[in-house]
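Input: a single structure, listed below in structure tokens.
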Amino acid sequence: RTGPVQAIKAEGAGQVSLIGPPNAGKSSLHVALTGSHAEVGPYPFTTHEPIPGMIPVDDVHIQLIDLPAVSADYMENWYLNALRPADAALLVVDLADPECLDHVVAIRSRLDERRVTLDERWPYSLDDGVVQEEAENDEEEESDDLADPFRIHLPTILVANKSDLDPDPDEVKVLEELLGVSYPAIAVSAKTRQGLDRIGHMLFHG
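Residue 1249 in the working numbering is what sits at position 88 of the sequence shown, and the numbering runs on without skipping anything.
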């Protein structure tokens, strides 16, 4: 009863979870996007519990939840509960980290063990406060649900943080080719605020 809150009740036009490895800049991004007081530190696993915040987009707000980091060695045992209310996810990576690829592989593997899929398809639009799916994806998603009705599918955007460190713009494509995925991707900087407005727009308008 004295432990951290495991799940945050969804509010606003939709709930989006921030997922990423240690020191990718998730909390800095959360503060920059929502004005929250999430703890930011130069050491791993600064975030210990779900932290909510709201992204203002046009005339609505999207709820953004900062979650603890996930690594090959550790993931909070309540992480699945925290993801259940989510409509989508932002997978935050630091392209300047030489172990970036290994981190993403570890995160996807860890979540897969808990029956969570970070889906490459982006079928959602949070416009008008309603989560809407593209018709062409309905049949495929229904098939997935029949295969494992308890699996959580989170449409995911890959957010390449720390773009102020001037990574090669093609590194996102290279990363996805190595992973064998094709997430919608955005390069941003929580420090300079470069590209931050694109996140809210993409979440809201699809």
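The C-beta atom is built at its ideal place from N, Cα and C for all residues, glycine as well.
Counted within 10 angstroms of its Cβ, other Cβ atoms place residue i as buried (16 or more) or exposed
i, result
"Y1368", "Outside the modelled stretch of the chain, which goes from 1162 to 1367, sits residue 1368, for which no answer is possible."
"N1242", "exposed"
"Q1176", "buried"
"S1343", "exposed"
"L1364", "buried"
"K1170", "exposed"
"A1335", "What sits at residue 1335 in the sequence shown is Val, not Ala. By the neighbour-count rule (16 or more Cβ atoms within 10 Å), V1335 is not buried but exposed."
"P1310", "exposed"
"R1269", "buried"
Selection from the options that minimises the alpha carbon distance to residue i
i, options, result
"D1255", "M1363, E1274, A1346 and D1358", "A1346"
"L1228", "V1221, D1220, E1281 and A1250", "A1250"
"N1184", "D1358, E1260 and L1364", "E1260"
"N1322", "V1342, S1343, E1337 and S1350", "S1350"
"A1230", "I1180, A1267, R1275 and P1246", "I1180"
"G1361", "R1312, Q1224, A1267 and V1253", "Q1224"
"R1282", "N1238, W1239 and H1314", "H1314"
"E1210", "D1220, A1233 and L1244", "L1244"
Coarse secondary structure for residue i, derived from DSSP in three states
i, result
"I1169", "coil"
(request) Check whether the region 1189-1198 touches the region 1210-1218, taking contact to mean three or more Cβ pairs, one atom from each stretch, closer than 8 Å. (result) Because the criterion of three Cβ pairs below 8 Å is met, the region 1189-1198 and the region 1210-1218 touch.
(request) Could I get the ranges of all uninterrupted beta strand (DSSP E) runs contained in the region 1184-1238, with 3 residues as the minimum, in chain order? (result) Contiguous beta strand (DSSP E) elements confined to the region 1184-1238 occur at 1212-1218 and 1221-1227, taking only those with 3 or more residues.
(request) Pick out the complete beta strand (DSSP E) segments inside the region 1240-1290, 3 residues or longer, and give them in chain order. (result) DSSP runs (the beta strand (DSSP E)) wholly in the region 1240-1290: 1249-1255 and 1277-1280.
(request) Report the residue ranges of all beta strand (DSSP E) runs contained in full by the region 1307-1354; include only those spanning at least 3 residues, in chain order. (result) With a minimum length of 3 residues, the continuous beta strand (DSSP E) runs that stay inside the region 1307-1354 are 1313-1322 and 1346-1348.
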